[in-house]
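*Asks:* Residue numbers (our numbering): 634 to 1031.
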């Protein structure tokens, strides 16, 4: 406001251009703009006036429609992401063999190779039966794998057979990856393949180290079990027998192979039930039984399960103890109540269980041979025994 009391414009607005007032649009004009999607926009006041046309996006012609086919770069990036997920999630697989097969498929896709050979000398479940168990190379015969393994151990591989990846992950031997065909010409990978190999190398090392740590942990638990006299099995999260104690092997040694395997399968089912109960406890599901009884043709076993957790609970183990139930002899009152024996018949039954003959029985009872034989003939039907050799089993309760 000036000295004369009149309102003066702001100095910054003195140089602003003067625009004509914005004309009002009629209803018909507004509807026409809405139909065409084109609007004249006028902004007035202390801001500068902008007059432009905003057009509604119109669909492109059919011949100019964008393509939905991913580019080669997108495909390669997707393959890289998939390979990293597989390499960094070894315990999501059902086992080491399944993980190696998943890694094999992921690397085939990532490198665009025709053939991939993997040598992963990691043994979480104990030493392998042969060196062939450390290899995943479907295109090679067992003899070719053995020759390649021997040459790799001697470090005597030709240049065109050198592995693309060679890494130490803390195991007894190095892991190696060979690729053939595709981007590898005459055994020499191109620069892009080498860059991909350097990218997945840390993830592969981490995955193998996870299996090696799992094997070391299971081996330590196995050694702890072997130092004691307890008969037990270590069962993995998928029902695999991670370790069987020496005492358990001795306990099942007098069973037939089929019956011994039946006991191990019962232990695996009990462990799987315990794992499932832990996962469903938060949802209010009932707990699985922690013990069971298994009968074989010769013996009766009681199995009890205790679950052990790992630090991240990704590789839980269940400890299943195996105890052979020793039959408990029946008391005199239990024998008389079960079979309805007289005191004399009970005495005869005890002596027969010791393996006495009729003559020895007569001398012990102070009766004649024929009286002793009559006692035996009347006793066997009451006990349900086919012969005198079955008397001892009848006097033992389950």
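Even glycine gets a Cβ: it sits at the ideal position worked out from N, Cα and C. Because the structure is a prediction, the values reported are computed rather than measured.
(1) Can you grab the Cα-Cα spacing for the pair residue 1027 / residue 974, in whole Å?
(2) What do you get for residue 878, buried or exposed, if any count of 16 or more other CB atoms within 10 angstroms of its CB means buried?
(3) Enumerate in chain order the residues of its own chain whose CB-to-CB distance from residue 681 is below 7 Å, with the five nearest sequence positions on each side excluded.
(4) Could you please give me the residues that DSSP links to residue 938 through a beta bridge?
(5) When we look at the beta-carbon of residue 926 and count the other beta-carbons within 10 Å, is it buried (16 or more) or exposed?
(6) Here's a check: name, in chain order, each residue in its chain whose Cβ is nearer than 7 Å to the Cβ of residue 844, leaving out the five neighbours to either side.
(7) What does residue 750 pair with, by DSSP beta-bridge criteria?
(8) So, using beta-carbon positions, are residue 721 and residue 870 closer together than 8 Å?
(9) Give the DSSP-derived three-state secondary structure of residue 781 in the structure shown.
(10) For residue 752, is the classification buried or exposed, using 16 other Cβ atoms within 10 angstroms of its Cβ as the cut-off for buried?
(11) How about residue 884 and residue 875: do their beta carbons lie closer than 8 Å?
(12) Locate the beta strand (DSSP E) running through residue 874, then write down its first and last residues.
(13) Please state the DSSP three-state secondary structure of residue 736.
(14) Would you say residue 953 and residue 985 are within 8 Å of each other, going by their C-beta atoms?
(15) Below 8 Å between beta carbons: does that hold for residue 1092 and residue 750?
(16) Out of curiosity, what's the CA-to-CA distance linking residue 957 and residue 841?
(17) Could you check what DSSP says for residue 843 in three-state terms: helix, strand or coil?
(18) Which stretch, first to last residue, makes up the beta strand (DSSP E) that contains residue 799?
(19) Cβ of residue 771 within 7 Å of any heavy atom in the ligand ADP?
(20) Taking three-plus beta-carbon pairs below 8 Å as touching, is the stretch 1006-1020 in contact with the stretch 963-979?
(21) Considering only residues of the same chain and omitting the five flanking positions on each side of residue 799, which have a CB-CB separation below 7 Å?
(22) Leaving out the 5 sequence neighbours to the left and right, which residues in its chain are closer than 6 Å to residue 1018 when beta-carbon positions are compared?
(23) Determine the burial state of residue 812: buried for a count of at least 16 other Cβ atoms within 10 Å of its Cβ, exposed for fewer.
(24) State buried or exposed for residue 848, treating a residue as buried only when at least 16 other CB atoms are found within 10 Å of its CB.
(25) For residue 826, count neighbouring C-beta atoms within 10 Å of its own C-beta (all shown protein chains included) and say buried if the count is 16 or more, exposed if not.
(26) Is it buried or exposed, residue 833, if we count other Cβ atoms within 10 angstroms and call 16 or more buried?
(27) Are the beta-carbon atoms belonging to residue 903 and residue 857 less than 8 Å from one another?
*Replies:* Concretely, from the data shown:
(1) Going by the C-alpha atoms only, they are around 13 Å apart.
(2) Counting Cβ neighbours within 10 Å, residue 878 comes out buried, since at least 16 surround it.
(3) For residue 681, the predicted structure reports a pLDDT of 41, less than 50, and the residue's modelled location is therefore unreliable. A value from the coordinates is still provided. Annotation for residue 681: no residue places its beta carbon closer than 7 Å to its own, counting only its chain and skipping 5 residues before and after.
(4) Looking at the DSSP assignment, residue 938 forms a beta bridge with 953.
(5) Exposed is the call here.
(6) Within the same chain, and ignoring the five residues on either side of residue 844 in sequence, the residues whose Cβ sits closer than 7 Å to its Cβ are 723, 729, 755 and 757.
(7) In DSSP, residue 750 forms a bridge with 811.
(8) The Cβ atoms of residue 721 and residue 870 do not sit closer than 8 Å to each other.
(9) The answer is helix: DSSP assigns residue 781 an H, G or I state.
(10) With 16 or more other Cβ atoms inside 10 Å of its own Cβ, residue 752 counts as buried.
(11) Result no, Cβ atoms of residue 884 and residue 875 do not sit closer than 8 Å.
(12) For residue 874, the enclosing beta strand (DSSP E) has its first and last residue at 874-877.
(13) Three-state result, residue 736: helix.
(14) The answer is no: Cβ separation not under 8 Å.
(15) Residue numbering for the chain in the displayed model covers 634 to 1031; residue 1092 lies beyond these limits and cannot be assessed.
(16) Rounded to the nearest angstrom, the two C-alpha atoms are 39 Å apart.
(17) DSSP places residue 843 in helix when its eight states are reduced to three.
(18) For residue 799, the enclosing beta strand (DSSP E) stretches over residues 798-800.
(19) As presented, the structure is devoid of all ligands, the ligand ADP included, so that no description of it is given.
(20) Contact between the stretch 1006-1020 and the stretch 963-979 is present, with at least three C-beta pairs closer than 8 Å.
(21) Cβ neighbours of residue 799 beyond the five flanking positions: 807 and 809.
(22) 1024 and 1027.
(23) A buried status is given to residue 812, since no fewer than 16 other beta-carbon atoms sit within 10 Å of its beta-carbon.
(24) Buried, by the Cβ-count rule.
(25) Within a 10 Å sphere around the beta-carbon of residue 826 sit 16 or more other beta-carbons, which makes this residue buried.
(26) Looking at its Cβ environment, which holds 16 or more other Cβ atoms inside 10 Å, residue 833 is buried.
(27) The answer is no: Cβ separation not under 8 Å.
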